[in-house]
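Down below is the structure, laid out as structure tokens.
There are 2 protein chains.
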Amino acid sequence: MASKKCGKQTIKFTNPVNIISSYSIVGEKEGQGNFKEYYDYILKDDKFGEKTFEHAERKLIEHSIVHAIERAHLNIDDIDLMLAGDLLNQITSSSFTARQLKTSFVGLYGACSTMAESLAVGACMIDGNFFNNVVCATGSHFSSAERQYRFPLELGNQRPPTSQWTVTGAGCTILSNRSMRKCNQITMATFGKVTDYGITDVNNMGAAMAPAACDTIIAHFEDTKTTPDDYDLILTGDLGKLGSELFMDLMEHNGYKLGKNYNDCGQMIFDNNQKTYQGGSGAGCSAAVINSYVMKKLEKGEIKSVLFAATGALLSSTSSQQGDSIPGICHAVVIKRSE
Amino acid sequence: MASKKCGKQTIKFTNPVNIISSYSIVGEKEGQGNFKEYYDYILKDDKFGEKTFEHAERKLIEHSIVHAIERAHLNIDDIDLMLAGDLLNQITSSSFTARQLKTSFVGLYGACSTMAESLAVGACMIDGNFFNNVVCATGSHFSSAERQYRFPLELGNQRPPTSQWTVTGAGCTILSNRSMRKCNQITMATFGKVTDYGITDVNNMGAAMAPAACDTIIAHFEDTKTTPDDYDLILTGDLGKLGSELFMDLMEHNGYKLGKNYNDCGQMIFDNNQKTYQGGSGAGCSAAVINSYVMKKLEKGEIKSVLFAATGALLSSTSSQQGDSIPGICHAVVIKRSE
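Residue numbers (my numbering), protein chains in the order written: chain A, 22 to 360; chain B, 22 to 360.
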């Protein structure tokens with residue numbers, strides 16, 4: 022059988038990988054941002070009725086999955102596989118969610134690139150005829166991320182101007198081989214390499230991740246012989262404002278001038294008046310944007326094709342304390358509206 | 022095209038998924054254990070020439086991958102995808118290794134089940150014609166695990182009798198669609214569910230993981246209509262001695278009496294005189310055992326089929342501190358000698 026590999030890092034799917042459902046949930050602050058009309062659920066209480074922020078993060082992911090399954094008119098028994106990960110140590114938000122859902126579970130770790138990572142692996146699982154319905158999900162919580170990666174909120178530390186605001190939110194996409202008349206589909210996936218330009222400032226994630234976005238997106242264009250003009254939307258996430266500028270500079274330096282069809286989930290998610298400095302970050306950032314605004318724009322036919330390239334910074338507190346620089350990764354998928 | 026799914030959780034591979042190379046490396050203590058003649062490399066210095074245990078853990082994984090690639094007569098450019106994960110927060114050992122190798126990287130998290138998780142996902146990637154050569158790897162280090170999950174070694178805490186000893190070691194398997202006359206092959210994979218019987222004692226991981234092993238292995242037998250007698254070796258890992266006993270009891274309670282063809286990587290890896298209490302644990306435990314003793318027994322024809330079911334405890338320090346019980350997972354693959 023012919024290989025589905027195209028170039029060095031890209032897969033072109035030959036069987037339909039249909040997106041039969043998607044769902045997004047965000048915190049109160051995110052719910053006042055630019056996509057407030059697109060989210061499915063906006064929290065009134067950032068703890069979501071739980072005792073800890075970590076338990077709230079779990080509940081966000083679980084809520085997004087349960088409601089995405091319901092929206093697809095499926096039962097949990099119809100789900101063959103759950104692909105998920107998150108930012109917390111040992112991805113406990115995802116593992117404890119999988120415990121509730123009682124379906125086969127493959128835990129992923131790609132930091133803030135997890136939404137694209139799960140879609141890329143999930144699309145392979147559907148295209149290869151291994152499974153019928155696959156859940157892809159991730160999320161993050163501002164308060165659990167702050168105290169794990171930086172400082173307890175109670176300290177009231179000042180945030181430096183290069184910092185981004187970890188999004189409280191989660192998103193879930195259900196991939197399926199179920200035939201659909203008209204739907205969003207994943208047609209290609211580009212699996213990223215780890216890139217590191219030596220950035221050590223943990224408050225400047227955009228700079229750490231921009232080279233990875235550049236590396237994967239150029240690999241995608243070269244593998245597939247496409248250009249930026251072939252997509253209605255090229256969406257990185259979550260480089261933030263500064264990271265996006267660095268990314269565009271790097272792309273231009275490599276001969277790719279990006280136009281108005283380029284944007285970044287981190288840059289887009291908050292309103293400029295919300296004082297998040299460089300914008301949003303966290304695994305929940307691109308998960309919430311792709312599963313709300315982007316999927317709905319595709320459904321309405323306002324855009325027809327998206328190159329979604331989620332980025333992740335692969336550091337830990339320990340690696341930073343031991344003087345390591347911050348490696349970045351970016352995985353990309355192409356989402357198209359079927360004819 | 023026909024689905025490759027068999028029952029609810031199992032995939033039967035229809036294209037050959039060949040194991041073209043495997044490599045194991047362990048620490049000094051492990052090198053005095055039961056499989057000392059089977060390992061490819063035994064450290065004389067647990068820090069492997071590095072300044073920190075965390076950096077040593079990275080070097081273990083990198084060493085195993087580089088040498089497995091060399092053994093397969095491949096260059097790093099021939100590798101399409103690296104699937105790896107480890108126990109450290111944000112799987113930094115794997116991510117930093119991927120940075121060195123400059124190949125597409127999908128980070129996984131399955132705690133001590135990662136070796137089987139990577140083989141199961143990797144086999145799908147080969148069988149589905151997505152990639153030609155896939156690296157599956159994991160590892161762990163006693164000293165980095167102790168200080169992350171339990172206490173700094175300098176405190177000299179006593180270990181309780183139910184505890185296991187985190188293995189310093191790593192293992193790598195290379196999966197390929199390259200045709201081979203006679204080789205070890207992955208023929209099936211069973212993706213596990215998260216199981217939790219309410220164990221909260223972080224020094225009794227065997228008890229936390231035994232129900233997951235039972236759940237996945239029974240699902241495997243039911244999905245594939247096989248019985249324990251159909252395998253020359255059924256190998257859990259890393260339940261340890263107590264965990265294995267609990268597992269056998271649970272299996273018997275469910276109508277499966279396991280015989281002499283059952284064993285556990287954690288139970289087997291150390292010599293009884295090494296005072297590790299319940300035996301070995303850590304992602305490196307089953308990775309080292311499968312990529313040394315087991316692969317060589319298959320190569321020599323002393324056994325023909327193995328059901329390898331690696332187990333993982335999906336806790337974090339935070340989840341335990343917040344009073345959560347310990348969820349377990351187990352992924353299984355069938356490895357056979359081709360005719």
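Built from N, CA and C at the ideal position, the CB exists for glycine as well.
Computed from a predicted model, the values in this text were never measured in an experiment.
How far does the beta strand (DSSP E) with Y283(B) in it reach, from first residue to last? Y283 to D285
Q. Among G227(B), P232(B) and K25(B), which one has its Cα closest to the Cα of M303(B)?
A. Per the sequence shown, residue 303(B) should be read as Gly rather than Met. The shortest Cα separation from G303(B) among G227(B), P232(B) and K25(B) belongs to G227(B).
inquiry  = Cutting at 8 Å between CB atoms, please list the residues of its own chain near L263(A), excluding the five before and the five after it.
reply    = T183, N225, G227, A228 and Q299
Against chain A, with Cβ distances strictly below 9 Å, would A119(B) count as a contact? yes
Let's test the definition: count the other Cβ atoms within 10 Å of the Cβ of T248(A) and tell me whether it reaches 16, buried, or not, exposed. exposed
Taking only beta-carbon atoms, is Y130(A) less than 9 Å away from chain B? yes
- Item | Same chain, Cβ closer than 6 Å to T187(B), five either side skipped, listed in chain order | S161, F163, A166, S302 and G303
Exercise. Establish whether the CB of E320(A) and some CB of chain E are separated by less than 9 Å.
Key: In the displayed structure, chain E is absent; the protein chains listed are A and B.
Closest by C-alpha distance to K281(B), when choosing among D222(B), A234(B), I255(B) and K72(B): I255(B)
* In chain B, which residues lie with their C-beta within 7 Å of the C-beta of T73(A)? -> Q343
### Message
I want to see whether chain A comes within less than 9 Å of V142(B), judged by CB atoms only; does it?
### Response
yes
Query - P348(B): contacting residues in chain A (beta-carbon distance under 9 Å) - result: T113, S116, F117, A119 and R120
task: Name, please, each residue of chain B whose Cβ falls closer than 7 Å to the Cβ of S302(A).
output: Neighbours of S302(A) on chain B: none; closest Cβ ~15 Å, over 7 Å.
Cutting at 6 Å between CB atoms, please list the residues of its own chain near P181(B), excluding the five before and the five after it.
N224
Margin query: For Q30(B), which residues in the same chain have their Cβ closer than 8 Å to its Cβ, ignoring the five residues on either side in sequence?
Written below: T211, F212, G213, K214, T237, A240, H241 and D244
(message) By the DSSP assignment, the beta strand (DSSP E) with H352(B) in it spans what residues?
(response) G349 to R358
Practice item. Note down the Cα distance separating Y59(A) from I46(A), rounded to an integer number of angstroms. Key: 10 Å
*asked:* Under 7 Å, CB to CB, which of the residues in the segment 205–229 of chain A have a partner in chain B?
replied: F212, G213, K214, V215 and D217
With 16 as the cutoff for other CB atoms within 10 Å, does G276(A) come out buried or exposed? exposed
Closer than 9 Å to chain B by CB, L174(A) = no
For P348(B), count neighbouring Cβ atoms within 10 angstroms of its own Cβ and tell me buried if that reaches 16, exposed if not.
buried
Along the segment 24–39 of chain A, what residues have a CB closer than 8 Å to any CB found in chain B? S24, K25, K26, K29, Q30, I32 and N36
Could you tell me the distance, in whole angstroms, from the CA atom of S326(A) to the CA atom of G70(B)?
-> 50 Å
Have a look at A308(B) and M316(B) and give me their C-alpha separation to the nearest angstrom. 11 Å
**Message:** Please state the DSSP three-state secondary structure of T248(B).
**Reply:** coil
Exposed unless 16 or more other CB atoms sit within 10 angstroms - verdict on T221(B) = exposed
Could you give the distance in angstroms between the alpha-carbon of K357(B) and the alpha-carbon of S134(A)?
35 Å
Practice item. Quick one: which unbroken beta strand (DSSP E) runs of 3-plus residues sit fully inside the segment 117–154 of chain A? Chain order, please. Key: 126–128
| So which residues on chain B does I136(A) lean against when the C-beta distance must stay under 8 Å? | Sequence check: residue 136(A) is Met here, not Ile. Those do not exist, as M136(A) stays about 14 Å from chain B at its closest Cβ, beyond 8 Å.
Determine the extent of the beta strand (DSSP E) in which V310(B) is found, giving its start and end residues. Segment A304 to V310 is the alpha helix (DSSP H) holding V310(B); no beta strand (DSSP E) there.
**Asked** Whole-angstrom Cβ separation of F56(B) and V310(B), contact assumed at under 8 Å?
**Response** 7 Å
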